[in-house]
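Visitor:
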Amino acid sequence: MVSGMAGMMSGTSDNNFPAAIRLGLCCIFKNEPIRFRSTTAKYLRQFPRDVQRAQLSTICQHNCLSLLAGLRFVQHYGIGAFRVLSPFFPRYTHPDVGYTITDLPEHQKILHTLSQIKQYQDRHDIRLSFHPDQFIILSSPQPQVVANSINELEYQGLLAEYIGAETITMHGGGKYDDKESALLRFTNNFHRLSPRVTSRLTLENDDRVYTVHDLIPICTRLNIPLVYDVHHHRCNPDGLSVEVATELALRSWDRVGREPYFHLSSPKNGWQEGRPEPHADYIDPADFPECWKNLRITVDIEAKAKELAVLALKKTFTV
DNA sequence: GCATGTCAAGTTGTG
DNA sequence: CACAACTTGACATGC
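Residues 1 to 319 (my numbering) make up the first sequence, in order.
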């Protein structure tokens with residue numbers, strides 16, 4: 001036990017950023033020399049199967065070690081959450097060059113590193129999440145799009161289980177002229193997912209189509225939480241205030257007894273001119289909602305300067 | 001070495 | 001009607 005005074009004076013905790021707020025870093029690092037590798041199907045296709053698998057094996061193990069290094073970094077700097085990039089195991093579900101972990105020559109080493117990651121995140125209470133990209137859509141009228149999306153979600157669910165990741169956050173998808181029937185398709189397809197995925201799945205309001213107002217009913221019906229992205233809400237308003245949207249999101253997490261996840265970013269070109277959607281390098285502290293400051297929540301920071309932006313925001317709240 | 005074009009995938013809105 | 005934008009970068013290729 002450290003005394004209050006000693007705690008305040010010591011190392012990395014010497015700021016008054018709201019203690020209950022956990023900041024999260026998304027996917028990659030800017031300055032820190034931690035890199036994730038990837039590859040393309042086109043490149044892999046020129047090699048025979050066994051060569052492909054050797055290359056993929058090297059990349060997967062490299063990425064596992066990078067994630068472990070990344071977790072040590074965030075732990076050291078008091079960053080409490082990390083979002084894992086989607087191509088962590090690149091092309092895993094690709095129809096031509098896809099694979100399973102046991103296909104990889106170094107799979108025993110890889111499984112070992114995955115379990116080290118899980119152990120580390122558990123010991124240091126670092127929240128891990130996945131955020132499938134824009135092609136992953138459960139509301140599409142095209143069966144093939146949905147089938148591909150389910151495969152990809154199952155892949156992320158599997159990895160999430162291996163590394164102890166808690167959430168897989170996705171968007172509502174397209175509108176297709178009728179949000180209501182689109183969300184009905186989402187609901188039907190949700191029930192095709194394994195418990196490994198459904199227990200982790202969350203919905204996030206996006207900057208073009210689905211708002212908090214649109215998603216709250218389906219979140220309630222499916223008993224899944226809503227990840228509230230306040231930047232998207234400001235880009236794509238729905239008549240709800242930030243305070244009310246925050247309250248609705250909190251309730252959805254409370255219902256499942258988990259710490260809420262919110263997203264924050266600042267517009268690259270300001271709120272006045274041009275499109276506000278592109279993300280800025282850093283977070284303008286003025287964009288941090290006042291009503292979040294006394295909550296026990298996780299806030300993922302979506303900013304191009306990555307770890308520098310997270311640390312700068314922490315510092316803003318210092319003294 | 002460094003600049004450039006390309007990379008699995010869907011959808012919407014802009015010009 | 002084509003194309004950029006989306007969480008964006010990483011990589012192979014060619015100069």
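Beta carbons are placed, not taken as given, at the ideal position from N, Cα and C, and that holds for glycine.
This structure is a prediction, so every number in the text was calculated from the model and none was measured.
1. Have a look at Gly270 and Lys109 and give me their C-alpha separation to the nearest angstrom.
2. Find out if the Cβ-Cβ distance for the pair Ala305, Lys30 is shorter than 8 Å.
3. Provide the residue span of the alpha helix (DSSP H) that contains Ser129, from first to last.
4. For Glu243, which of helix, strand or coil comes out of DSSP?
5. Tell me the DSSP secondary structure of Val209 in three-state form.
6. Kindly identify the DSSP beta-bridge partner or partners of Leu201.
7. Excluding five sequence neighbours on each side, which residues of the same chain lie with their C-beta closer than 8 Å to the C-beta of Gly174?
8. Use the C-beta contact count for Glu180: other C-beta atoms within 10 angstroms, 16 or more gives buried, fewer gives exposed.
9. Excluding sequence positions up to five away, which residues of its chain have a Cβ less than 7 Å from the Cβ of Glu166?
10. Considering Gly24, what are the terminal residues of the alpha helix (DSSP H) in which it resides?
11. Which same chain residues, not among the five before or five after Pro18, have their C-beta less than 6 Å away from its C-beta?
12. Please report how far the alpha carbon of Arg258 lies from the alpha carbon of Val51, in whole angstroms.
13. Would you please state the rounded distance, in angstroms, between the beta carbons of Leu264 and His231? I believe it to be under 8 Å.
14. Enumerate in chain order the residues of its own chain whose CB-to-CB distance from Asn223 is below 8 Å, with the five nearest sequence positions on each side excluded.
15. Tell me, to the nearest whole angstrom, how far the beta carbon of Leu240 is from that of Val212; I am working on the premise that it is less than 8 Å.
16. Can you tell me whether Arg22 sits near the ligand MN, meaning its C-beta is under 7 Å from at least one heavy atom of the ligand?
17. Are the beta-carbon atoms of Thr198 and Thr169 separated by less than 8 Å?
18. Quick check on the burial criterion: 16 or more other C-beta atoms within 10 angstroms. Buried or exposed for Asn63?
19. Please state whether DSSP places Val51 in a helix, a strand or coil.
20. Taking the DSSP output, what are the residues bridged to Asp300?
Guide: Reading from the atomic positions:
1. Within the first sequence, numbered from 1, the residue matching residue 270 stands at position 270. Within the first sequence, numbered from 1, the residue matching residue 109 stands at position 109. Put simply, the backbone Cα of Gly270 is about 47 Å away from that of Lys109.
2. As a working mapping, residue 305 is identified with position 305 in the first sequence. As a working mapping, residue 30 is identified with position 30 in the first sequence. Against a cut-off of 8 Å, the Cβ pair of Lys30 and Ala305 comes out as a contact.
3. Start at 1 with the first residue of the first sequence, and residue 129 comes out as number 129. Segment Arg127 to Phe130 is the beta strand (DSSP E) holding Ser129; no alpha helix (DSSP H) there.
4. Against the first sequence, residue 243 aligns to sequence position 243. Correct three-state label for Glu243: helix.
5. Locating residue 209 in the first sequence gives position 209, counting from the first residue. Looking at Val209 - three-state DSSP - the assignment turns out to be coil, as it is neither helix nor strand.
6. Sequence index remark: in the first sequence, residue 201 carries index 201 (1-based). Under DSSP, Leu201 takes part in a beta bridge, and its partners are Ile168.
7. Numbered from its first residue, the first sequence carries residue 174 at position 174. In its chain, beyond the 5 residues on either side, Ile137, Ser139, Ser140, Ala182 and Val209 have a beta carbon closer than 8 Å to the beta carbon of Gly174.
8. Here residue 180 refers to the residue found at position 180 when the first sequence is read from its first residue. The residue in question, Glu180, is exposed, as its Cβ has fewer than 16 Cβ neighbours within 10 Å.
9. Locating residue 166 in the first sequence gives position 166, where the first residue counts as 1. Around Glu166: Arg127, Leu128, Ser129 and Arg200.
10. The residue labelled residue 24 in the question sits at position 24 within the first sequence. That residue, Gly24, is in no alpha helix (DSSP H); its beta strand (DSSP E) goes Ile21 to Cys26.
11. The residue you call residue 18 lines up with position 18 of the first sequence. Once the five neighbours on either side are set aside, the close Cβ partners of Pro18 are Lys293.
12. By one-based count along the first sequence, residue 258 stands at place 258. By one-based count along the first sequence, residue 51 stands at place 51. If you take the alpha carbons of Arg258 and Val51, they lie about 43 Å apart.
13. As a first step, residue 264 is located in the first sequence; it is residue number 264 there, counting from the start. As a first step, residue 231 is located in the first sequence; it is residue number 231 there, counting from the start. Sure, about 6 Å apart at Cβ, within 8 Å.
14. Along the first sequence, read from residue 1 onward, the residue named residue 223 stands at position 223. Correct list, in chain order: Arg255 and Val256.
15. Position 240 of the first sequence holds residue 240. Position 212 of the first sequence holds residue 212. Contact between Leu240 and Val212 holds: CB atoms are separated by about 6 Å, below the 8 Å threshold.
16. With respect to the ligand MN, the structure offers nothing, as it holds no ligand at all.
17. Counting from one through the first sequence, the residue named residue 198 turns up at place 198. Counting from one through the first sequence, the residue named residue 169 turns up at place 169. Taking 8 Å as the cut-off, the beta carbon of Thr198 is found no closer than this to the beta carbon of Thr169.
18. Here residue 63 refers to the residue found at position 63 of the first sequence. Around the C-beta of Asn63, 16 or more other C-beta atoms lie within 10 Å, and the residue is accordingly described as buried.
19. Position 51 of the first sequence, counting from 1, holds the residue named residue 51. Val51: helix per DSSP, three-state reduction.
20. Position 300 of the first sequence holds residue 300. In the DSSP secondary-structure assignment, Asp300 is bridged to Gly24 and His263.
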